[in-house]
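In my numbering, the protein residues as written are 249 to 567.
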Amino acid sequence: MTSSDNTDTLQAKALAIFNQIVSFLGLKNKQTQFLALSNRNQKQVLAAMAGTILVLVIGTLYLIFGYAVAVGFIASILAGLATGVGGSIALLFKQVPVKVYNAMLGAAGGVMLAATAFSLIVPGMEFGNLLWPGWGIYVVAVGMVMGVLFLDLADRKLPHIHFVGSNEASDLSFRKIWLFIFAITIHNFPEGLSVGVSFGVDNMQNGIALAIAIGLQNIPEGMAVSLPLVALGYNPKKAVIIATLTGLVEPVGALFGLVAVSLFQPILPVAMGFAAGAMLFVISEEIIPETQAKGKARYATFAVIAGFIVMMLLDNMMK
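Set out below in structure tokens:
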């Protein structure tokens, strides 16, 4: 089965799901009108629906939880869309030099390390000490262990392929690439969660710094999704769309974190530790090994350090 056949199958399944939803809502007449539209007009209708839903969600968050929560959700969307920015490289090139990719991914890993330390662990301990004087560090540590165990369980139980070696020419197959895409989607959830947790406590500075860090990290991830798909014969535009969609699980994680810590602030230190542990797991398990797997590792090492320093300075300037 070719990649185009698989794409057609996925589109058919998506259309079938759409038909079921429309039927359930009793919108058969609207469904008929929609299907009668041209392909371009169908896309415009779907885009308008998505925009309307997004505005309603943001407005609801603002009315119930306040300005910071609404901004946090928007920030998580922008961070997730950064995968599309990285994926758009497929519109120009079919591959990028190994040292460039490693350096970009290494810098992203360094940025995430600094963001984890200064935007999650440190403020988590401070908030924990306000609630339970002297116990903040232990509460955050418990949360970190929970985050690591959660990602370890997901890593073991959900079918996927790791970053390392996933885009070698000999490994290019429809099933392997999609398992790899699923892996990226899995670990984007805790990244979104971390943004939501930071904004949920009304900490705009930490939240913005973390969203920037994750957005930067998503750029090479988008490249890692779109380029193998183009190599498999996918249309570059479709490859960019798929890369973008992998990042849009982050607003889901952010929404969960925003609502949880807004309603139950005592869980914030644990939640920040959980997000930190999950992010450290991703960095150690996926990102750093990938930068060292294909040679030119020294570029990646310097890039990790540079990314850490840049994020450390950025975080300090925003406070």
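Don't be surprised by glycine CBs; every beta carbon is placed ideally from N, CA and C.
Where are the alpha helix (DSSP H) runs, 4 residues long or more, that stay fully inside the segment 290-335, in chain order?
The segment 290-335 contains these whole alpha helix (DSSP H) runs: 315-335.
In three-state terms, what does DSSP make of Phe512?
Coil at Phe512, not helix or strand.
Give the single residue among Leu304, Thr331, Leu340 and Phe375 whose Cα lies nearest to the Cα of Val509.
Here the closest residue by C-alpha is Phe375.
To the nearest angstrom, report how far apart Ile385 and Leu516 are at their CA atoms.
Approximately 13 Å, taken between the alpha carbons.
With a threshold of 16 other CB atoms inside 10 Å of the CB of Ser532, please say whether the residue is buried or exposed.
The residue is exposed, with fewer than 16 neighbouring Cβ atoms inside 10 Å.
If you drop the 5 nearest sequence neighbours on each side, which residues of the same chain put their C-beta closer than 6 Å to that of Ala356?
The residues are Leu464, Gln465 and Pro468.
Under the rule that 16 or more other beta-carbon atoms within 10 Å means buried, what is Ile369, buried or exposed?
When all chains shown are included, Ile369 counts as buried.
Please report the distance separating the alpha-carbon of Leu379 from that of Gln453.
In a straight line, the C-alpha of Leu379 is about 21 Å away from that of Gln453.
So which of Met560, Arg546, Ala526 and Pro484 has the shortest CA-CA distance to Ser336?
Comparing Cα positions, the closest option is Pro484.
Would you grab the beta carbon distance between Ala524 and Gly328 for me? Rounded to a whole angstrom, and I think it's under 8 Å.
19 Å between Cβ atoms; not a contact.
If you run the structure through DSSP and keep just helix, strand and coil, what is Lys486?
Three-state DSSP puts Lys486 in a helix.
Within a Cβ cutoff of 6 Å, which residues of the same chain sit near Gly372, ignoring the five residues on either side of it in sequence?
Closer than 6 Å at Cβ, skipping near neighbours: Val388, Pro517, Met520 and Gly521.
Let me know if Thr300 comes out buried or exposed under the rule of 16 or more other beta-carbons within 10 Å of its beta-carbon.
Flag for Thr300 reads exposed.
In or out: Pro438 buried (at least 16 other Cβ within 10 Å) or exposed?
With 16 or more Cβ atoms within 10 Å of its Cβ, Pro438 is classed as buried.
Whose CA, out of Asn350, Val333, Ala318 and Asp400, lies closest to the CA of Ile434?
Comparing Cα-Cα distances from Ile434 to each of Asn350, Val333, Ala318 and Asp400, the minimum goes to Asp400.
Using the rule of at least 16 other Cβ atoms within 10 Å of the residue's Cβ for burial, across every protein chain shown, is Ile490 buried or exposed?
Per the 10 Å Cβ criterion, buried.
Measure the CB-CB distance between Ala363 and Ala461 and report whether it falls below 8 Å.
Yes, Cβ-Cβ distance for Ala363 and Ala461 is below 8 Å.
Run through DSSP, which three-state label would Leu480 get?
Looking at Leu480 - three-state DSSP - the assignment turns out to be coil, as it is neither helix nor strand.
State the DSSP-derived secondary structure class of Pro381, mapped to helix, strand or coil.
The answer is coil: DSSP assigns Pro381 none of H, G, I, E or B.
Mind checking whether Lys342 and Leu480 have CB atoms under 8 Å apart?
Taking 8 Å as the Cβ cut-off, Lys342 and Leu480 do not qualify as a contacting pair.
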